[in-house]
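In the working numbering, the protein residues as written are 27 to 378.
Here it is as structure tokens:
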């Protein structure tokens, strides 16, 4: 209980700092954002973007050459068309050369800060920003359209190639025509969304800070079912073979029937609060906890192993090439790689 209270206070301060700095000059605190493409990990953290060798954790390149103390990065970089696309917390979307990290183009908003990673659909880049807009760019960085919401946008958008779907801090989920940016529908979710959503078939699955996970019909935005969790649901649920796997800030892991929203199983008190999505392995899932644990469970809810890490885990683990990659806050490294038994393979600390 004490850890939950401390976590709630910490995250409330982070939320307040982020929201205040959306319109002011307060310095925000960063957490690692990362993704994997082929044999590289692309990491955004603090004042830079880094390309790291997936096999050994060695640095390949970093951007920019000289860091700006006022420019922080949260968003997971996204690779598309030979470029690494990443937004920063000042107001800029960057396109970098995949091989060497040199700048290809940038787009500056007036007030918008980029907290989540972009989504790339064919030749369209979708980027949500804190200036209440969802932006659509072409691959050269030219704006095709922008769509206004009622509050800041932290969540990563998703698309089925026809519509773009954006859950917002204004408690609403929006569907927008991908070509024109015209609104198709909006639905009040009853709570703010900071993570994103899972899109599968005709359903959208999304968690809220009001302690719920919802299933929404993507055709008209009608809520199909609601599930009451023990705590806030920050991250995107993971869907596998008709089952949704996710966790909450009350340190509970859930498996729900995706069709009906009923509980298959749940595990309580697994450690500290959980705000990241699970990483999916062949035999199960691995969840990050705020108190520095990686908790691995199989698809039936049986614990496989736990690994204590020096630091706090807020980011979602990424599983690639037999490795679990996890970002670390306040530890001796910013990235660590583990095998599927929880043995450490390598670690990466920021260059000095």
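Glycine included, each C-beta is placed from N, C-alpha and C at the ideal position. If you're wondering where the values come from, they're calculated on a predicted model, not measured in any experiment.
How far does the beta strand (DSSP E) with residue i in it extend, from its first residue to its last?
| i | result |
| --- | --- |
| residue 362 | 361 to 364 |
| residue 176 | Note, residue 176: premise wrong, no beta strand (DSSP E); not H, not E. |
| residue 16 | The structure shown does not extend to residue 16, since the chain is modelled only from 27 through 378, so no value can be given for it. |
| residue 57 | Element bounds for residue 57: n/a, residue is neither H nor E. |
| residue 120 | 118 to 123 |
| residue 162 | 159 to 164 |
| residue 374 | 370 to 374 |
| residue 198 | 198 to 203 |
| residue 212 | 209 to 214 |
| residue 76 | 74 to 79 |
| residue 134 | 129 to 134 |
| residue 266 | 264 to 266 |
| residue 238 | 238 to 243 |
| residue 285 | Premise fails: residue 285 is in no beta strand (DSSP E) and is neither H nor E. |
| residue 64 | Taken as a continuous stretch (DSSP letters only), residue 64 belongs to no beta strand (DSSP E), as it is neither H nor E. |
| residue 189 | 189 to 193 |
| residue 231 | 229 to 234 |
| residue 3 | In the structure as shown, the chain starts at 27 and stops at 378, and residue 3 therefore has no counterpart that could be examined. |
| residue 106 | 104 to 106 |
Thinking just about the alpha-carbon of each residue, which of the options is nearest to the one in residue i?
| i | options | result |
| --- | --- | --- |
| residue 338 | 78, 90, 297 and 240 | 297 |
| residue 193 | 269, 247, 79 and 329 | 247 |
| residue 324 | 317, 316, 214 and 312 | 312 |
| residue 138 | 116, 270 and 127 | 116 |
| residue 275 | 123, 113 and 233 | 233 |
| residue 133 | 371, 329 and 168 | 168 |
| residue 356 | 72, 196 and 332 | 72 |
| residue 249 | 286, 258 and 273 | 286 |
| residue 242 | 103, 217, 213 and 359 | 213 |
| residue 151 | 252, 157 and 163 | 163 |
| residue 99 | 158, 90, 105 and 227 | 90 |
| residue 209 | 217, 215 and 198 | 198 |
| residue 376 | 360, 370 and 368 | 360 |
| residue 340 | 293, 266, 259 and 367 | 259 |
| residue 178 | 141, 316 and 225 | 141 |
| residue 106 | 68, 189 and 135 | 68 |
| residue 183 | 129, 102 and 216 | 102 |
| residue 367 | 334, 224, 181 and 94 | 334 |
| residue 155 | 290, 187 and 195 | 195 |
| residue 93 | 369, 70 and 240 | 70 |
| residue 216 | 267, 254, 326 and 135 | 254 |
Mind checking whether residue i and residue j have CB atoms under 8 angstroms apart?
| i | j | result |
| --- | --- | --- |
| residue 172 | residue 160 | yes |
| residue 262 | residue 236 | no |
| residue 85 | residue 62 | no |
| residue 109 | residue 124 | yes |
| residue 174 | residue 127 | no |
| residue 283 | residue 269 | yes |
| residue 315 | residue 300 | yes |
| residue 229 | residue 238 | no |
| residue 332 | residue 321 | yes |
| residue 204 | residue 189 | yes |
| residue 271 | residue 225 | no |
| residue 166 | residue 211 | no |
With a cut-off of 8 angstroms on the beta carbons, I'd call residue i and residue j a contact; round off their distance for me.
| i | j | result |
| --- | --- | --- |
| residue 365 | residue 353 | No, residue 365 and residue 353 are not in contact; Cβ-Cβ is about 18 angstroms, not under 8 angstroms. |
| residue 144 | residue 111 | 5 angstroms |
| residue 318 | residue 343 | Not confirmed; about 13 angstroms, so no contact. |
| residue 220 | residue 185 | About 19 angstroms separates the two Cβ atoms, so there is no contact after all. |
| residue 281 | residue 244 | Not confirmed; about 23 angstroms, so no contact. |
| residue 83 | residue 372 | 4 angstroms |
So what does DSSP say about residue i, is it helix, strand or coil?
| i | result |
| --- | --- |
| residue 27 | Only weak support is given to the placement of residue 27: the predicted model assigns it a pLDDT of 48, under 50, and the value that follows is read from those uncertain coordinates. Here residue 27 sits in coil by DSSP. |
| residue 328 | coil |
| residue 272 | strand |
| residue 358 | coil |
| residue 50 | Residue placement at residue 50 is flagged as unreliable, the pLDDT there being 37, under the threshold of 50; the coordinate-derived value follows with that caveat. Coil, per DSSP. |
| residue 322 | strand |
| residue 277 | coil |
| residue 93 | coil |
| residue 314 | strand |
| residue 299 | coil |
| residue 38 | Because the pLDDT of residue 38 is 44, which lies under 50, any placement of that residue in the model is unreliable, and the number read from its coordinates should be weighed accordingly. Three-state DSSP puts residue 38 in a helix. |
| residue 148 | coil |
| residue 347 | coil |
| residue 172 | strand |
| residue 340 | coil |
| residue 224 | strand |
| residue 99 | strand |
| residue 184 | strand |
| residue 87 | strand |
| residue 294 | coil |
| residue 333 | strand |
| residue 153 | strand |
| residue 142 | coil |
| residue 307 | coil |
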